[in-house]
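Working notes for the structure below.
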Amino acid sequence: MVLSCAFGARGQEAQGSTAATSTIPTVTAATTAAEFTFPEVEILTDPLEASRKARAAQSSVIDAQKFAQEGRTVAEMLATAPGVVLHANGGPMQETTVSLRGASADESLVLLDGIPLQGPGGGTVDMSTIPSTLLERIVVSRGVLGAQLGAGALGGAIELLPREIGTSTHGGALVSFGSWLTMEAAADVTAPIGNSGGVTAAVQLDRSSGDFGFARQLTPEQPDSPFYADTRQNADGKRGAALVRFEDRPTAATRFSLLFEGTAGERGLPGPVGNTTPHARAQDQGGVFGGQVQVGLADTVLSARAWVRGARVVIDGLIQGFADCVPGSPGCPRTESHTVATHGEAEWGLPLGAHQWLSVLAGGGEEWEVGDTTGRHRRTTATGAVTDEVKLLTGRLELHPSVRLDRVGDDTALSPGLNVAVRPVRALPGFALRAGVGDTFRAPTFSELYLDQGATAPNPNLSPERATSVDAGVSYVDERVSLSAGGFATFYRDLILYDLYPPARTKPFNAGAARMLGAEVQGVAKLPLGLTGSLAYSFLDARSEVDTESERGQQLPYRPPHRLFLRLAHQSDRVEGFAELIFTSATPRNVFGTSTLRAQASVNAGAFVRAIGPLWLGAEVRNAFDDLTQQDLFQYPLPGIQFTALARARL
Amino acid sequence: MSRIVPVVLVALAAACGGSDLQPVPPPLASTALPSGADLNPYNAASPALSKPQGMALGADGRAWIALTNLDANYSVAAPGMLVGVVPSTGVTTKVGLGGTGGHDCTNSGGVVADAAGTSLFVTCTGTYNFGGTPELRGRGFSVVSAGSGTVTHHVDAPADFQPISIALSSTRIWVGDALTGGIASYDRTTLALVDGADASHPVITLPCTGNLSVGALLVVGANLYATCSATDGYVVQLDAATGAIKGTKQSVGSLPGALALTGDGRIAVANGGDNSVAMITETASGFTVQKQAIVLAQSAGLTDVRARGNFLYTDSAGTNTVQKIDLAAAAGPKVVAEIAIGDNTDPFNVLPLDDDHAVTCTNVTGALVGVDFTKGVK
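Just so you know, the sequences run in chain order A and B.
Residue numbers for the first sequence follow the working numbering, so the first one is 1 and each next one is one higher.
Residue numbers for the second sequence follow the working numbering, so the first one is 1001 and each next one is one higher.
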């Protein structure tokens, strides 16, 4: 299959819901001004074209369908891309957050089919709550991309693109069983409706007892302090998720789609080692529902979309400050919060001459939160954006200027951005140079503004934090290899940091400043014997620019300076397998330069055979060398060796 | 919290020479501190948590521990309380600080003993109003007779002042504020308020900015040392007789929370934010600071430091450990012993009884735990 990225067809792709491989006919709204061709292997997608919204940004594409067949979580998939750092509160099904280019998790936008998953209550997205088998692909775009993807994309954005709708009825199923009774069952089905539409539905169920073994030192300041065996407690979890997507194209110039995704889970909150919380529990339910209409009008495209997102989170039995209690016992705290956000927007895309496509967007919405610890709050949001795409030199030079105005509550700010790409050698259309610059902001969340609980104090006077970034890179794509490399510098100001609020609380203030310098390399190559090799390397120098004697110039914590992912995989119609290495260099644990998390490496491997017909059987091992001393966040151990058996079939 | 007790220990050890003394009886493995109804909660349905916040050594060898008696939301749930425990027997003396109405002294935290070890001075921080309606009751400090176990005096704090640390000089009682960089002082004899008495005698303001408290005070000779306990922490030297600020503040680390005088005359500063110990050396013109003289890189929540001769003793609340550090080790300061107190204990204050034995009070489990640095937890 050859993908045609027709210049005039951008409008209908603008929301990211129509991925490049969609087999449903596309709306044709304009004549093609320039056309590029790409190999069909998705892992070799041109990084410049990876994101429908952030064109010419430094992006990586992750084939979620392929990795989901390996029983991967979304977090494990993200680990294959450069510029990504994941933080896990332990083993399977525990909270996992993601940050891009050294930005914090609440500065790294996560979008499901274009809908931001960051709730108004808190700014981070728990990637463990997103079922991987419900996704088609993941696009990781790095850089300050607020102009293109919305306020909050200070480090970049992760676009989760849900399963697509095909033209024939088909489906699949996957079951896995592994260490610590970690199990997954997933199924999906896609069916056409009439001649112009289709529906896809998918469901995923997960559970784990989470009681993995690990090693710990009781007296770590002593040289050669021995390690003792321990077992994680109250780290179990279970989750169910479902996705339904409907799409119809009643006319050649009209498309209508609906998306629903819902998830519900329950898990223990084990706490840090040594200060465990054996009784505390968390429950969550949430979902998004959105609809979109696109209409081709002459040579323009008019689209409108609306969505609503809601979430409920209950924390039971957690006492601030190293303690918990039995949920339901007298005096044992239980906190509950509800957040709802709605948004609607309209976008008009039109050609300006033969080489330019202009999109104008306007929208608005509301956000609500009702919480035991935050109170009841509401704010309005409004957005206006203008995005231009200019192609010159017969399409070899692309300019993507954007400007976006966002209003979140009382905060209004502009996010300008420009990405430029050039393919300087006509004979090498896969060779490109790119650069980008952007500035954007993140509005304070309801939690930062109003959360008043235990050791956390609210600050209703917070201002948005801002970031400015510049990056540049080079990429090359052909039928056998995809390479990209680039560097960036990002400058943060007015960062919201939790500072001591004497004597025993912390309170958020706009007190932070930081700068990040980094480099990213990604490569994928088709090798002999049906092998594919992948590499992702990230370098990051993240420094505090807080003007204090203790912090100025120090490395920011939990931003590993070096991170390497290597993978060798084989795919054929009867046998598949992979082996991979994930290496993380020694990482600062605080901003004072006094504590470091040692370097860590994990080797994972898996093998699959097609046993009969469409049935594949396989086995995987993670952390193959059984390093029981690994940690992510301080005092949150990671599992040792983990075995998984899988069976899957696609019909 | 004031750390004048090590001065007493050092002086006693030096005077006695140690050779003719009976060894200090080893402490019990664990002594439960009062909890539940024994804390005299205002409302039985909202019980106070047994959370020690400060500890000092009395002349008779008893460890005196201040209980805040706050609840899980940092609200005052019971009157302040000072508890004396004989480490070797567990015999406990309970001293209620609430007075007749139960509100004289609440949220008791910092404790210091006088030079003779017969009187104990305990701060009363009162209610943290965090921007709410000011609650003026319960603030100040109380004086307790170690011998009789009774409150002999209670003195109110200046308006808008919440004492959390305390130190004694020959003429003054110095008190640090929990929510600002303010220091108030009282006449040592009459207990009359001096700095902070009125508009013409205001509370002393340390030359620090930001969100800070005065987490620790220590008198060494003619000088008073005060911490600006903030993420970017400093120590300020003042005249212990007048409160006049000497020289400029000096950076020591993050969240300095305890001060201790060492056997070689230096001052150790425990920094809870970066888990380091800074060492202060007095000079003719002021003082110098060796930042990060000791780094406890694998620990978390350094809450206390005490000194005994050339040894330092530290508490790491986040990792539930206590350390013994040899300042005179050949290659520089070295952790020579470390003891795990136990998961979910939160050791908050440590008090050396001799070179190899100590007690630590645990903030989560509300106990006084005996530590034998030659073996482990007793």
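Glycine included, every Cβ here is placed at the ideal spot set by N, Cα and C.
The alpha helix (DSSP H) spanning residue i covers which residue range?
| i | result |
| --- | --- |
| residue 448 of chain A | 446-450 |
| residue 74 of chain A | 74-78 |
| residue 268 of chain A | Unbroken run through residue 268 of chain A is the beta strand (DSSP E), 254-268; no alpha helix (DSSP H). |
| residue 146 of chain A | 146-149 |
My output table needs one value for residue i: the three-state DSSP class, helix, strand or coil.
| i | result |
| --- | --- |
| residue 737 of chain A | Residue 737 of chain A cannot be examined here, being either before or after the span of chain A that is shown, 1 to 651. |
| residue 132 of chain A | helix |
| residue 280 of chain A | coil |
| residue 620 of chain A | strand |
| residue 653 of chain A | Only positions 1 to 651 of chain A appear in this structure, which leaves residue 653 of chain A out of reach. |
| residue 49 of chain A | helix |
| residue 11 of chain A | Because residue 11 of chain A sits at a pLDDT of 33, beneath the cut-off of 50, its placement in the model cannot be relied upon, and the following sentence gives the value as read from the coordinates. Reduced to three states, the DSSP call for residue 11 of chain A is helix. |
| residue 637 of chain A | strand |
| residue 631 of chain A | strand |
Using a threshold of 8 Å, state whether the C-beta atoms of residue i and residue j are closer than that.
| i | j | result |
| --- | --- | --- |
| residue 1149 of chain B | residue 1084 of chain B | yes |
| residue 625 of chain A | residue 605 of chain A | no |
| residue 563 of chain A | residue 602 of chain A | no |
| residue 1347 of chain B | residue 1360 of chain B | yes |
| residue 401 of chain A | residue 462 of chain A | no |
| residue 1271 of chain B | residue 1299 of chain B | no |
| residue 54 of chain A | residue 151 of chain A | no |
| residue 302 of chain A | residue 282 of chain A | no |
| residue 629 of chain A | residue 215 of chain A | yes |
| residue 1230 of chain B | residue 1257 of chain B | no |
| residue 1039 of chain B | residue 1064 of chain B | no |
| residue 415 of chain A | residue 404 of chain A | yes |
| residue 385 of chain A | residue 361 of chain A | yes |
| residue 1052 of chain B | residue 1072 of chain B | no |
| residue 565 of chain A | residue 536 of chain A | yes |
| residue 1034 of chain B | residue 1077 of chain B | no |
Would you mind reading off the limits of the beta strand (DSSP E) that contains residue i?
| i | result |
| --- | --- |
| residue 1055 of chain B | 1052-1057 |
| residue 1307 of chain B | 1302-1308 |
| residue 1370 of chain B | 1367-1372 |
| residue 1325 of chain B | 1321-1326 |
| residue 1186 of chain B | 1182-1187 |
| residue 592 of chain A | Taken as a continuous stretch (DSSP letters only), residue 592 of chain A belongs to no beta strand (DSSP E), as it is neither H nor E. |
| residue 1315 of chain B | 1311-1316 |
| residue 435 of chain A | 431-442 |
| residue 1334 of chain B | 1334-1340 |
| residue 1142 of chain B | 1140-1145 |
field: Interface residues of the segment 1243-1254 of chain B facing chain D [CB-CB below 8 Å]
entry: The chain labelled as chain D is not found among the protein chains of the depicted structure, namely A and B.
message: Suppose only complete runs of 3+ residues qualify. What are the beta strand (DSSP E) ranges in the segment 151-232 of chain A, listed by chain order?
response: Qualifying beta strand (DSSP E) stretches, in chain order: 156-162, 170-178, 182-193, 197-208, 213-217 and 227-231.
- prompt: Of the residues that make up the segment 212-223 of chain A, which ones have a beta carbon closer than 9 Å to any beta carbon in chain B?
  reply: Listed by position along the chain: 217, 218, 219, 220, 221, 222 and 223.
message: I'd like the ranges of any beta strand (DSSP E) spanning at least 3 consecutive residues and lying wholly in the segment 1034-1117 of chain B.
response: Segments of the beta strand (DSSP E) lying fully in the segment 1034-1117 of chain B: 1052-1057, 1063-1067, 1081-1085, 1092-1096 and 1108-1113.
- prompt: Name the residues in the segment 185-206 of chain A whose C-beta lies less than 8 Å from a C-beta of chain B; which are they?
  reply: Listed by position along the chain: nothing, the set is empty.
task: Scan the segment 469-532 of chain A and note each continuous beta strand (DSSP E) run of 3 residues or more that stays entirely inside, going in chain order.
output: At a cut-off of 3 residues, the continuous stretches assigned as beta strand (DSSP E) that sit fully inside the segment 469-532 of chain A are 481-501 and 505-527.
message: Could you tell me which whole beta strand (DSSP E) segments of length 3 or greater appear in the segment 1221-1301 of chain B?
response: Unbroken beta strand (DSSP E) stretches of 3 residues or longer found wholly inside the segment 1221-1301 of chain B: 1223-1228, 1233-1239, 1245-1253, 1256-1261, 1267-1271, 1276-1283 and 1286-1295, given in chain order.
message: What are the residues in the segment 1020-1050 of chain B lying within 9 Å of chain A by C-beta distance?
response: Close to chain A, meaning a Cβ-Cβ distance shorter than 9 Å, are the following residues of the segment 1020-1050 of chain B: 1045, 1046, 1047 and 1049.
query: Mind listing which residues of the segment 1176-1193 of chain B have their C-beta closer than 9 Å to chain A's C-betas, in chain order?
result: Listed in chain order, the positions of the segment 1176-1193 of chain B with a beta carbon within less than 9 Å of a beta carbon of chain A are 1177, 1178, 1179 and 1180.
field: Complete alpha helix (DSSP H) runs within the segment 537-622 of chain A (minimum length 4 residues, chain order)
entry: Taking only runs of at least 4 residues, no alpha helix (DSSP H) segment lies wholly in the segment 537-622 of chain A.
query: Taking Cβ-Cβ distances below 9 Å as the criterion, which residues of the segment 1253-1279 of chain B are in contact with chain A?
result: Of all residues in the segment 1253-1279 of chain B, 1253, 1254, 1255, 1271, 1273, 1274, 1275 and 1276 have a Cβ within less than 9 Å of some Cβ in chain A.
query: Any residues in the segment 1105-1124 of chain B with a beta carbon nearer than 8 Å to a beta carbon of chain A? Which ones, in chain order?
result: Answer in chain order: no residues at all.
Where the segment 1285-1315 of chain B meets chain A: residues whose CB sits under 8 Å from a CB there: The residues in question are 1292, 1295, 1296, 1297, 1298, 1299 and 1300.
- request: Please list the residues of the segment 331-354 of chain A that have a C-beta atom closer than 8 Å to any C-beta atom in chain B, keeping them in chain order.
  value: For the segment 331-354 of chain A, residues whose beta-carbon sits nearer than 8 Å to a beta-carbon of chain B comprise 331 and 333.
task: Check distances from the C-beta atoms of the segment 616-645 of chain A to those of chain B and list, in chain order, the residues that come in under 9 Å.
output: The segment 616-645 of chain A vs chain B, Cβ under 9 Å: 634 and 635.
Against chain B: residues of the segment 557-586 of chain A by CB proximity under 8 Å: For the segment 557-586 of chain A, which is checked against every Cβ of chain B, not one residue is closer than 8 Å.
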